[in-house]
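Quick notes on the structure that follows.
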Amino acid sequence: MRIILTGGGTGGHIIPLITVAQKIKEKVSDVEFVFIGPGGKMEKDLLGKAGIPVRGILVGKMRRYFSFWNFVDFFKIPIGFLQSLALLLWYMPDAVFSKGGYASFPVVLVSWIYRIPVLIHESDANPGMANSMMSKFANRVAISYSEAEKYFPAVQVVLTGNPVRSDIAEGNASKAREMFGLLESKKVIFVLGGSQGARNINNKILDILPDLLHKYQIIHQTGENNFEEVARKAGELGIKPGREGYHAITFYGEEIKDILAVSDLVISRAGANSLAEIAATKKPSIIIPLASAANNHQRMNAYYIAKTGACMVLEESNLGSHMLLSKIEEVMNDEALRMKMSQNIGVFYHPDAADKIAEGVIGMIDK
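The numbering used here numbers the first residue of the sequence shown as 393 and each following residue consecutively.
Next up, the structure:
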């Protein structure tokens, strides 16, 4: 059995692809995976560690707003389509699992031409333009939020939740304390910007960092491209990463489960994968949706969860340093509020998500 994986551009796409592939391997002994999509460093690193070969193609993003890159991507799209025609003809898989998004569009379209069955996973409460279009070429659509069900034909859709690492809820707080030299006597705040980091959140945290460090320890995931800038600005404040309770990291791998285990509060973007990991570990959170996210999907994700009292949402456009500090203090000083958030967000964790999607992919082949 051969299965093509497609998607990419962020860790929020690649990690679920790997998680589902691992679950399929548990069910089918003789199975081969190949990833077709953007062949960037992140894709090659993460998929390479999982033993999944990467075949890179050009991908063009379909934007609903004016951008110079629309002209560049206009030429990438047909090239990526031709590359997908050749690669899928060469591999001729039994099925395709797409994490969705513009990066998987040419692969899904060519799969439809070749009559290869496709399952798409939609991570967000409000589907993006690419997945809305690709659903017309897919056999099945898995969704993370019931809110998204109305956007797809009922015969296609099934609620699975968002697949996360199988061991995400099995973190060891002691390991994280040893890794970062954390004190048990001070609470820990984890600033999670997603695989690429969040520059605006980085800056707001730096603005209030001296105040935070009086009471808390901070683990700050900056994003690889932002790390040097964050370290420099922290240094200007007289704070050296790795000391005085402040720990900056570029990215995270397997240690994410231990970091979440030791955290008392998570400050995060509203990417579907980050929210799923927060839900899996039942952590109180302050969510700051990316204002420029396509189709406003991060804001929709955040408020869909927040309406149950499972998190606190701050709008990026109104994010002032004093407001952020006051909201952090509000959550950290109210144990009842943290407990309520912890209990309510657990509802959004679907531990069987990867299993359901794996069964869906295998079921298409069996037909």
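We put the CB at the ideal spot given by N, CA and C, even for glycine.
- Counting along the chain, Ile-670 sits inside no beta strand (DSSP E); it lies in the alpha helix (DSSP H) bounded by residues 664 to 673.
- The C-beta separation of Ser-558 from Ala-746 comes to about 7 angstroms, placing the pair in contact by the 8 angstroms criterion.
- Around the C-beta of Arg-635, fewer than 16 other C-beta atoms lie within 10 Å, and the residue is accordingly described as exposed.
- Taking Tyr-741 as reference, the option from Gly-472, Glu-669, Asn-564 with the minimal CA-CA separation is Glu-669.
- For a cut-off of 8 angstroms, the C-beta gap from Ile-508 to Asn-523 is around 18 angstroms, too long to register as a contact.
- DSSP places Ala-487 in the strand class (E or B) of the three-state scheme.
- Counting along the chain, the unbroken alpha helix (DSSP H) around Ala-653 starts and ends at 648 to 654.
- Looking from the CA of Glu-628, the closest CA among Ala-728, Pro-602, Leu-551, Ala-568 belongs to Pro-602.
- Short of 7 angstroms from the beta carbon of Ile-428, and not among the five residues preceding or following it, lie these beta carbons of its own chain, in chain order: Ile-396, Thr-398, Arg-447, Ile-449, Ser-476, Leu-479, Val-499.
- For Arg-661, no alpha helix (DSSP H) segment is defined, and its DSSP state is neither H nor E.
- Collapsing the DSSP output to three states places Phe-572 in a helix.
- Beta-bridge annotation (DSSP): Ala-534 is paired with His-513, Val-550.
- Contact annotation: Thr-614 and Ala-653 have beta-carbon atoms that are not nearer than 7 angstroms.
- Around the C-beta of Gln-735, fewer than 16 other C-beta atoms lie within 10 Å, and the residue is accordingly described as exposed.
- Annotated as proximal: Ala-662 and Pro-681, with beta-carbon spacing under 7 angstroms.
- Glu-541 places its beta carbon 7 angstroms or farther from that of Tyr-696.
- For Met-731, the number of other beta carbons within 10 angstroms of its own is below 16, and it is reported as exposed.
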